[in-house]
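One structure is given below, encoded as structure tokens.
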Amino acid sequence: MPKHTKAFDWLSMAQEDLEEAFESLDNKRYASTVFRAELSAQKAIKALIVALGFEPGKTHKPTLVLKGLIAGGLIDLREDLMRKVNEAITYAIVLEDQGTTPRYGWETVDRIIKPSEIYSEDIARALLRNAERVYEIVKSLLGEVDC
């Protein structure tokens, strides 16, 4: 499969998750909004990794893969494009850091704090904006990098 096809497949899946995140927000399902936003950001970053000629592997933290490629000197882009890549990483990390919380909540000594108790509308909206930004940045980068 050509790399560019795979990159656009990842981006298409990111868009689907982003759309589902907006639907969840409309239905006041804020933990689900965050979960889908997180998935969207992960898939968008995977699209970028593939577009750059690498395999992201199976990971829920593809920014670590991308940062490793950058640190290893394996990615050579113009300065303006690298700024965009770093901006996408910054937004995506916030979402990746949600981890399993949108699905399983937080376990304490006495109880499990449910995801619905953790994520308010404001938090969900803020995280969804991050996912939207990651998607937009990666989409613009795919038009500028040779994939």
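Residues 18 to 164 (the working numbering) make up the sequence shown, in order. Note that the Cβ used here is the ideal one computed from N, Cα and C, for glycine as well. Here the structure is a predicted model, which means the values were calculated and not measured.
Notebook entry, point to check: Cβ atoms of Ala-38 and Arg-53: under 8 Å apart, would you say?
Noted result: yes
Notebook entry, point to check: Around the C-beta of Trp-27, are 16 or more other C-beta atoms found within 10 angstroms, so that it is buried, or is it exposed?
Noted result: buried
Item checked: Selected residue, minimal CA-CA separation from Lys-156, among Asn-44, Ser-57, Gly-74, Ile-130 -> Ser-57
Next item on the list: Look at the alpha carbon of Ser-41 and the alpha carbon of Ser-49, and state the distance between them as a whole number of angstroms.
Entry: 6 Å
Note to self: At the level of alpha carbons, what is the spacing between Thr-22 and Lys-131?
What the structure shows: 39 Å
Checklist line | Nonlocal neighbours in the same chain, by C-beta distance under 8 Å from Gln-32, ignoring five residues either side | finding: Ser-57, Tyr-152
Check: Excluding sequence positions up to five away, which residues of its chain have a Cβ less than 8 Å from the Cβ of Ala-91?
Finding: The question names Ala, but residue 91 in the sequence shown is Leu. For Leu-91, where only same-chain residues beyond five positions count, the Cβ hits under 8 Å are Phe-71.
Check: Do the segment 93-106 and the segment 135-155 meet, that is, are 3 or more Cβ pairs less than 8 Å apart?
Finding: yes
Item checked: Alpha-carbon spacing of Gly-160 relative to Arg-128, whole angstroms -> 48 Å
Notebook entry, point to check: What runs of the alpha helix (DSSP H), each 4 residues or longer, lie entirely inside the segment 57-90?
Noted result: 79-88
Next item on the list: Tell me whether Glu-55 is buried or exposed, calling it buried when 16 or more other Cβ atoms sit within 10 Å of its Cβ.
Entry: buried
Next item on the list: Take Glu-134 and list the residues in its own chain whose beta-carbon comes closer than 8 Å to its own, dropping the five residues that flank it on each side.
Entry: Gly-122
Notebook entry, point to check: Between Ala-105 and Ile-66, is the Cβ-Cβ spacing less than 8 Å?
Noted result: no
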